Structure formats: C-alpha cells, structure tokens
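Peer 1: Be aware that the sequence shown starts at 406, since it is given in our numbering, and climbs by one per residue. Ideal Cβ placement from N, Cα and C applies to all residues, glycine included. Only a predicted model underlies this, so the values are computations on that prediction, with no experimental measurement involved. The structure's right below; bear with me while I get my questions together.
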Amino acid sequence: MPDFAPADDPDFDALRRHLRRLRENRGWTYDELAAHSGVGRATLVSLELGKPRTRGDREQAATTGTLATWWRIASALQIDLGDLLRPLYGTEDQH
C-alpha cells in the first residue's frame, strides 16, 4: 500500500491577500467586483478579510467560499480559476 503524507492545510490568508491585490490592481471597490462577479459584497468582504459577517443580531463565521463563488470571481477578474486559487498551496505570487 502506498505511503501518502497528508496534504498541508490550504493557506487562506495567502488567498485573501492575493484576492485583495488582484481587486486593487484593477482599481475596483468591493461593490465593483460584486457587480462584475455576481457575488454579494458582504461575501467578498468576508472572503477577503477573513472576518465573520453580522446578520442582524447574530454573527456568521467568515466564509471560505464555494467553488462556484471562486469561479465567478476568477471570471470577473479574467484569470484562470487555478491562478486565482494557487496561493492556497503556498505558491503565492509576490509581485
């Protein structure tokens, strides 16, 4: 039987920094990325900042997003989904 090592945990902090850099490089606000992607502003803020969202009097945990959400963001930014998600695996572009 092959000996497989468990994968490292994905680096969501690197992904958040990458998303912010891509959005800011385009000069887009959260509202503009929301309009281009169809992803809600509150979801984008939660994805990028990694902070819980508040709904009324209750707090929801920060989201890591769904595949469909990340696909919509990648499409709006006109980049491949793999390029958007690459920082999850420790290959964050430092440019």
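Verify whether the separation of the beta carbon atoms of residue 449 and residue 439 is less than 9 Å.
Peer 2: Yes, the Cβ-Cβ distance between residue 449 and residue 439 is below 9 Å.
Peer 1: Could you give the DSSP three-state label for residue 431: helix, strand or coil?
Peer 2: Note: residue 431 maps to coil in three-state DSSP.
Peer 1: Taking all protein chains shown into account, do 16 or more other C-beta atoms lie within 10 angstroms of the C-beta of residue 472, making it buried, or fewer, making it exposed?
Peer 2: Counting Cβ neighbours within 10 Å, residue 472 comes out exposed, since fewer than 16 surround it.
Peer 1: Given a cut-off of 9 Å on the beta-carbon distance, is the pair residue 469 and residue 489 in contact?
Peer 2: No, the Cβ-Cβ distance between residue 469 and residue 489 is not below 9 Å.
Peer 1: In three-state terms, what does DSSP make of residue 459?
Peer 2: If DSSP states are grouped into helix, strand and coil, residue 459 belongs with the strands.
Peer 1: Find out if the Cβ-Cβ distance for the pair residue 481, residue 443 is shorter than 9 Å.
Peer 2: Yes, the Cβ-Cβ distance between residue 481 and residue 443 is below 9 Å.
Peer 1: For a quick check, are the C-beta atoms of residue 446 and residue 435 less than 9 Å apart?
Peer 2: The answer is yes: Cβ separation under 9 Å.
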